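J.: Residue 54 is where the sequence shown starts when you use the working numbering, and the numbers rise one by one after that.
All residues carry an ideal CB built from backbone N, CA and C; glycine is no exception.
Note that the coordinates shown come from a computational prediction; the quantities given were computed from them, not determined experimentally.
Quick one: the structure is below, and I'll ask about it shortly.
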Amino acid sequence: MPTKRSVGTLGDKDLSGKKVLLRADLNVPLDDGQRIADDNRIRASVPTIKFLMGKDARVVLASHLGRPKGVTPKYSLKPLVPRLSELLGVDVVMANDCIGEEVEKLAAALPDGGVLLLENVRFYKEEEKNDPEFAKKLASVADLYVNDAFGTAHRAHASTEGVTKYLRPAVAGFLMQKELDYLIGAVANPKKPFAAIVGGSKVSTKIGVIESLLAKVDILILGGGMIYTFYKAQGHAVGKSLVEEDKLELANLLIEKAKSKGVSLLLPTDIVVADNFAADAESKV
């Protein structure tokens, strides 16, 4: 069951000479010398970029890197330019920003088959807030949108969701399509026994996922901060750990629902306890 619309369904007429805003996941680790420690995510984005280049599209590449608080040089995407250029066989142009007049001029000057890399979209707090005006500015330099950033697809940010209100068509890239097709196939026709692992800090944001999976899985393994809500619901002491007090009853209902469906719902048995949330905290298992 393939995704409904992917970049592979677009032809020369759709892409030739068009500016394409491509959201990739270039969030690669950099060492202390700002050198790429692992280029897997860059290489994973290459098939979609090369496809667009081959159709004479003008590729405007957007990504985040890390969790910067405002403009932070160590989270700049500039160190990625040499490796991207090498993998793509073209000189990738680097912008000093992701929106604004300079970006507009660079995008307008791109040749067919050219690639422009925008600076880290998370240098603006509006990115993670999915600010409509910021999304509109991001979208203004392109004619259509391709999302190939599967790793951030669960986040409704300006560069992943907001821009789709201003650009059409908005389609999946090859990596996104591959991951979605795999997930759809795994859930629709799973091998038995079927186990799923769900993590996250809050039960409230995972209710739909958990309830949907309870109808399909044999084993459901929960992790992340939300486990403490389940622990407290069962009467266990959780100290100062994150708990959604208003979701304790829901946690018990989900536990009972799992039992009624014959699903083995598993919580971690080993927990790391620390005196504070820091790298140098005193901790024990």
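1) Quick one: Cα of P55 to Cα of R76, how far?
2) Tell me, please, whether the stretch 145-163 touches the stretch 191-203 by the rule of three or more beta-carbon pairs shorter than 8 Å.
3) DSSP three-state call for V156: helix, strand or coil?
4) When you compare each of K312, D165, V113 to I152 by their alpha carbons, which one comes out closest?
5) If we count the other Cβ atoms within 10 Å of its Cβ and call it buried at 16 or more, is E59 buried or exposed?
6) Under 8 Å, do L320 and L266 count as touching if we go by C-beta distance?
7) Is the stretch 88-106 in contact with the stretch 224-236, if contact means three or more CB pairs nearer than 8 Å?
8) How many Å lie between N173 and S336 at the Cα?
9) In the structure shown, what three-state DSSP assignment does S294 receive?
10) Between the Cα of K71 and those of E309, P222, S294, G123, spot the shortest distance and give me the residue it belongs to.
11) Would A180 and S212 be called neighbours here (beta carbons separated by less than 8 Å)?
12) Spatial neighbours of V291 within its chain, please: C-beta separation below 7 Å, excluding the five flanking residues on both sides.
13) Is it buried or exposed for E309, if we count other Cβ within 10 angstroms and need 16 for buried?
14) Decide if the stretch 125-140 is in contact with the stretch 87-99; the criterion is three or more beta carbon pairs, one per stretch, under 8 Å apart.
15) Taking buried to mean at least 16 other C-beta atoms within 10 Å of its own C-beta, is K122 buried or exposed?
16) List the endpoints of the continuous beta strand (DSSP E) containing V224.
17) Taking all protein chains shown into account, decide if E302 is buried (16 or more other Cβ within 10 angstroms of its Cβ) or exposed.
18) With a CB to CB cut of under 7 Å and the five nearest residues on each side skipped, what residues in its chain are close to S294?
19) For the candidate residues N183, A239, G253, whose alpha-carbon lies nearest to that of F247?
20) Ends of the beta strand (DSSP E) at L318?
T.: Straight from the coordinates:
1) For the purposes of this step, residue 55 is taken as the residue at position 2 of the sequence shown. For the purposes of this step, residue 76 is taken as the residue at position 23 of the sequence shown. Its pLDDT being 43, under 50, P55 is placed unreliably in this model, and the coordinates cannot settle the point.
2) yes
3) Looking up residue 156 in the sequence shown gives position 103. Helix, per DSSP.
4) For the purposes of this step, residue 152 is identified with residue 99 of the sequence shown, where counting begins at 1. Of the candidates K312, D165, V113, the one whose C-alpha sits nearest the C-alpha of I152 is V113.
5) Start at 1 with the first residue of the sequence shown, and residue 59 comes out as number 6. Rather than Glu, the amino acid found at residue 59 in this sequence is Ser. Label assigned to S59: buried.
6) Counting from 1 along the sequence shown, the entry for residue 320 is found at position 267. Counting from 1 along the sequence shown, the entry for residue 266 is found at position 213. For L320 and L266, no; Cβs fall outside 8 Å.
7) yes
8) Residue 173 sits at position 120 when you count from the first residue of the sequence shown. Residue 336 sits at position 283 when you count from the first residue of the sequence shown. Taking the straight line joining both Cα atoms gives about 35 Å.
9) Position 241 of the sequence shown, counted from the start, is the residue given in the question as residue 294. Coil, per DSSP.
10) Within the sequence shown, residue 71 is the residue found at index 18, counting from 1. Ranking the options by Cα distance to K71, first place goes to P222.
11) Counting from 1 along the sequence shown, the entry for residue 180 is found at position 127. Counting from 1 along the sequence shown, the entry for residue 212 is found at position 159. In the sequence on display, residue 180 carries Glu and not Ala. Yes; because the gap between Cβ atoms is below 8 Å, this pair is in contact.
12) The residue you call residue 291 lines up with position 238 of the sequence shown. So the list reads Y281, Y284, K285, once near-sequence residues are dropped.
13) Here the question's residue 309 lines up with position 256 in the sequence shown. So E309 ends up on the exposed side.
14) yes
15) Numbered from its first residue, the sequence shown carries residue 122 at position 69. Answer is exposed; the Cβ neighbour count stays below 16.
16) Locating residue 224 in the sequence shown gives position 171, where the first residue counts as 1. Looking at the DSSP string, the run of the beta strand (DSSP E) that includes V224 is 223-225.
17) In the sequence shown, counting from the first residue as 1, residue 302 sits at position 249. Exposed.
18) Here residue 294 refers to the residue found at position 241 of the sequence shown. Counting only Cβ-Cβ distances below 7 Å, and skipping sequence neighbours, we find Y281.
19) Taking the first residue of the sequence shown as 1, we reach residue 247 at position 194. That would be A239, whose Cα lies nearest to the Cα of F247.
20) Walking along the sequence shown from the start, residue 318 turns up at place 265. Segment 317-319, the beta strand (DSSP E) holding L318.
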